[in-house]
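Take the sequence shown: its position 153, counting from 1, is numbered 235 in the working numbering, and each next residue is one higher.
Report on one structure; see the data block that follows.
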Amino acid sequence: MRHTISVLVENKFGVLARVAGLFSGRGYNIDSLNVGETEDITVSRMTIVARGDDRIIEQINKQLNKLIDVIKVTDLSEEAHVERELVLIKVSATAKARSEIIQLADIFRASIVDVSHETLIISATGDEDKINAMIDMLRPYGIKEIARSGKVAISRGR
Numbered sequence: 083m084r085h086t087i088s089v090l091v092e093n094k095f096g097v098l099a100r101v102a103g104l105f106s107g108r109g110y111n112i113d114s115l116n117v118g119e120t121e122d123i124t125v126s127r128m129t130i131v132a133r134g135d136d137r138i139i140e141q142i143n144k145q146l147n148k149l150i151d152v153i154k155v156t157d158l159s160e161e162a163h164v165e166r167e168l169v170l171i172k173v174s175a176t177a178k179a180r181s182e183i184i185q186l187a188d189i190f191r192a193s194i195v196d197v198s199h200e201t202l203i204i205s206a207t208g209d210e211d212k213i214n215a216m217i218d219m220l221r222p223y224g225i226k227e228i229a230r231s232g233k234v235a236i237s238r239g240r
């Protein structure tokens with residue numbers, strides 16, 4: 083099962099390397115990793131998506147909590163949360179297909195952020211299912227490149 087883990091860490095040099103090292107050193111894979119400052123510039127939030135059964139996720143949480151620079155670890159999969167992902171997609175856009183691709187982007191509430199003679203770059207945000215569905219719909223036109231941010235998530239309420 084995939085878990086979304088939010089980790090508040092001290093915003094210091096080397097913290098990302100130590101967290102990534104924890105995963106690689108134990109043979110755990112990170113599906114996605116996103117890091118950014120919080121409302122407090124001395125604290126960063128890491129959003130980590132990892133796969134594993136309950137035992138593996140419990141081990142990950144315990145190991146993360148042992149790291150000195152870690153302030154708080156929360157498995158968001160176990161509580162109500164909001165998550166989003168950003169994607170940039172460069173797609174082939176012949177004159178014939180261009181209007182269809184633009185209509186498709188509109189359906190997904192995406193934006194065209196760059197236009198050239200042969201391609202369009204589309205920017206979209208949403209949950210993973212929405213992003214995957216849009217990618218699937220664009221594949222027949224010829225996707226040239228994809229850049230995904232990975233998940234950003236935060237708990238609801240409180």
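Positions of the beta carbon are idealized from the N, C-alpha and C atoms, including for glycine.
Checklist line | In DSSP terms, what R84 is bridged to | finding: According to DSSP, R84 shares a beta bridge with R133.
Applying the 10 Å Cβ sphere with the 16-neighbour rule, what's the burial state of M216?
By the neighbour-count rule (16 or more Cβ atoms within 10 Å), M216 is buried.
**Prompt:** Based on Cα-Cα distance, which residue from E161, D196, A192, L202 lies nearest to T51?
**Reply:** In this structure the chain extends from 83 to 240, so residue 51 is not present and cannot be described.
Could you give the C-beta distance for L158 and T207, rounded to a whole number, given that I count them as a contact under 8 Å?
That pair is no contact at about 18 Å.
Beta-carbon proximity check, V237 vs A162, cutoff 8 Å: With the sequence shown as reference, residue 237 is identified as Ser, and Val is not the correct amino acid for it. Using a Cβ distance threshold of 8 Å, S237 and A162 count as a contacting pair.
Next on the checklist: Let me confirm a value: I142 is counted as buried when at least 16 other C-beta atoms fall within 10 Å, else exposed. Which label applies?
Outcome noted: Buried, since its Cβ has 16 or more Cβ neighbours within 10 Å.
Next on the checklist: Please classify I123 as buried or exposed, where buried requires at least 16 neighbouring CB atoms within 10 angstroms.
Outcome noted: Exposed, by the Cβ-count rule.
Checklist entry - What is the C-beta distance between V125 and E92, in whole angstroms, given that I count them as a contact (C-beta under 8 Å)? => result Between E92 and V125 the Cβ distance is about 7 Å, and since that is below 8 Å, they are a contact.
Checking the sheet assignment: what are the DSSP bridge partners for K144?
Partner(s): none; K144 has no beta bridge.
Note to self: Measuring alpha carbon to alpha carbon, tell me which residue in E210, I183, N111, D209 is nearest E200.
What the structure shows: Closest by alpha carbon: I183.
Reference P222; option with closest CA among I194, T129, L186, D209
Considering only alpha carbons, the answer is L186.
Identify the continuous alpha helix (DSSP H) that holds V181 and give its terminal residues.
Looking at the sequence itself, residue 181 is Ser, so the reference to Val does not match. For S181, the uninterrupted alpha helix (DSSP H) run begins and ends at 177–189, by DSSP.
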